[in-house]
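Notes for the one structure printed next.
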Amino acid sequence: MPIIVLLDNSFSMNQDVSSSSIKSNFTVSNIETNYLSRFHLAQHGLRILFQFLKNNRKFESTALLTYSRTCEIISEFTRDYDFLTNCLSNIKTIDRSNLMQALFKASKMIKDNYNFDLFYHIIVVTDGLALLQTNQSNKNIFGQFDFEENDLEQLKLPSKCRIHFVCLNTLNNIRVQNSLQTFQEILLKNCQNKSNDDYDDEQIQVNQNYDGGQIWIPDTKTLSPILIEDLFHKLCSENFKSFSGKITCGDLSGLISLYPDLPSINDKTNINRQQIDIIRICGFLNADEMFDSPFYSRHYVIPVAEKNIDEMKKWIRFLNFKSDQSDDDILQMFGDEGRQPSFAVLLHGSFKIANMIAVCEICSQANNNNNNQQQWYGILQSVTDKKKSNLMLFTLYPGSNPIPWLSNFRNFSLSSSDGNTTNSTNSNNNNSKNNLKKNSNLNPWLQPQSVFNDIQKVLRFLKKLPDRYEQLVTEINRIQRASIALKFFQLIDSLIQIFEFEAPLLPNYQQQPQVREQVEQILQFIRQTKQQIVVQQQQQQPTTTITN
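Counting in full-length UniProt numbering, the sequence shown runs from 1 upward without gaps.
The structure is reproduced here in structure tokens:
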């Protein structure tokens, strides 16, 4: 979740905070403690934010911008939070604020660095003075500005983006009251799910969380450093707390964290993302079975050092070490984080050697047996990216049948009949019975002619049945998977039409019963795939606004 921080450095940020509210042990670099401005509070709050990200989100990228009349990039996206903290001391207040120009600049930065897998955050730290022409009070006071009246309508933030307005002021301040409507309009424009009951007649409430962001204003009559500390700690804990959980498989388990964090899921799926803490492996498959499957999000799986002595003893038994070792001996053996055995590392190495993947359920340990909660599955796989191999979690779309060419994931389980771990599926499932056999690499369709060439190849193989049956099912399988991965479902309808109308006209179809049987078998499988896609689209209808 890359973060863009927009710091208001206009002259209005120099307004004093009452000296009676200054905490005795609060100090700011190069200033006297008897003078404290809102800009100093902003610097103090951002130091808390950067320190939190440094300790908890080491892989997170953050950019720092300041805005007054113009917007200046202090730092591009970086993970060096010490550098960002040092930059805060060199920022000076100048001129008047221009929020719209800063938001346009942030939107451009996101579009230039856009990554489909990541969710972006924009944090606006200001004293609450918007100075927008849409605000009639500000227009009367400050006159005309350097932007047009319809700038607010032209503002388009990416769909996977949240914006936070952190106002270092109080609700009874006249500047905040004049600018509050503007903040609400921007936040409402960025919200995707406007049908939710939380939107009271399309009126955004202060200090209430929405899918598009939040307006943070201290609910007090006076400001103080400790109040700002609490505000930024709450902002961090609610939005940037990293996933902390376990991977479990039978008796083995291991602590992990994920980067980026798990995405937000629509409330209608009955999935509470905040309570998820278990990734439970349900079974293993050959990697080719899930090749190019559609996924919802992907995350790096990062091992976390185990501090529980009982978990370390499990690894002692698993590794066949001497069982008569004392707790002190075990701590000495595995005390160093680099020497600790890790279940995530074990899976990573095993997947690379065996070319296997793990189907897992993403759930909460407290609600693991809750039948009312919709299932959410994922894939654990070893992925090589830029000559570096990593264990990655690919989350699938919520539901028990997220991949049309496989059977229902409820049928997957770990076999307990022997020591080997396998996956079991319903033997009566027609989908498994008629599953296409061959797998091949997915060639992207860069031009419309490429799609036409693949259809022509299907027709050529169809005319040469039964000799080219294996090649035909391989091509059908590749086209189907590519169509589902790219959401090009019209191509599957075209395949059905080809087999329904073109195949009966072929001479070999009329003369050979074996050809008719092969065509019917393939046609039945394509229809089942189409039916599963329709069902999946109906189940995912509430979440279409967050998957653009």
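Where is the CB? At the ideal position from N, CA and C, for every residue including glycine.
- If one requires a minimum length of 4 residues, the alpha helix (DSSP H) runs lying completely within the region 498-533 are 507-511, in chain order.
- Counting along the chain, the unbroken beta strand (DSSP E) around Arg162 starts and ends at 161-167.
- The region 388-395 makes contact with the region 294-302; the number of CB pairs closer than 8 Å reaches 3 or more.
- In this structure, Ile362 keeps its C-beta atom at 8 Å or more from the C-beta atom of Gly349.
- By the C-beta criterion, the region 2-11 is judged not to be in contact with the region 212-231, since fewer than 3 inter-stretch pairs fall below 8 Å.
- The beta carbons of Gly245 and Asp277 sit closer together than 8 Å.
- When Leu223, Ser237, Cys282, Phe284 are compared, the shortest CA-CA separation from Asp261 is found for Ser237.
- Secondary structure of Val124 (DSSP, three-state): strand.
- According to DSSP, Phe394 shares a beta bridge with Arg298, Ile379.
- With respect to Gln381, Phe409 sits apart: the two C-beta atoms are not nearer than 8 Å.
- Residue environment: Val534 is assigned as exposed (fewer than 16 neighbouring CB atoms within 10 Å of its CB, all protein chains considered).
- Rounded to whole angstroms, the separation of the alpha carbons of Cys360 and Val458 is 35 Å.
- Just so you know, the alpha carbons of Asp82 and Leu36 end up roughly 23 Å apart.
- Under the three-state reduction of DSSP, Asp261 is assigned to coil, being neither helix nor strand.
- Inclusion of Leu64 and Leu84 in the CB contact set at 8 Å is warranted, their separation being smaller than that value.
- Between Phe77 and Ser61, the C-beta spacing is below 8 Å.
- Excluding its 5 nearest sequence neighbours in each direction, Val206 has C-beta neighbours in its own chain below 6 Å: Ile215, Ile217, listed in chain order.
- Per DSSP, the continuous alpha helix (DSSP H) segment holding Val458 begins and ends at 448-463.
- Sequence-distant partners of Arg280 (beyond 5 residues in either direction) whose C-beta falls short of 7 Å from its own C-beta, in its chain, are Thr248, Cys360, Glu361, Cys363.
- Shown here for Thr220: same chain residues with a beta carbon closer than 8 Å to its own, the five before and five after excluded, namely Thr170, Leu227 in chain order.
- Straight-line measurement puts the Cα of Ser10 at about 11 Å from the Cα of Ile91.
- Straight through space, the alpha carbons of Ser389 and Phe52 are spaced by roughly 28 Å.
- In the structure shown, Ser483 falls within a helical segment according to DSSP collapsed to helix, strand and coil.
- Within the region 199-246, complete beta strand (DSSP E) segments of at least 3 residues are found at 213-216, given in chain order.
- In summary, Ile484 is buried, with 16 or more beta-carbon neighbours lying within 10 Å of its beta-carbon over all protein chains present.
- Take Leu155, set aside five residues on each side of it, and the residues of its chain with a beta-carbon closer than 8 Å to its own are Met100, Leu103, Phe104, Ser107, Ile186, Lys189, in chain order.
- DSSP, read as helix, strand or coil, puts Phe50 in helix.
- In chain order, Val17, Ser18, Ser21, Arg38, Leu41, Leu168, Asn169, Thr170 place their CB closer than 8 Å to the CB of Leu223, counting only its own chain and leaving out the 5 sequence neighbours on each side.
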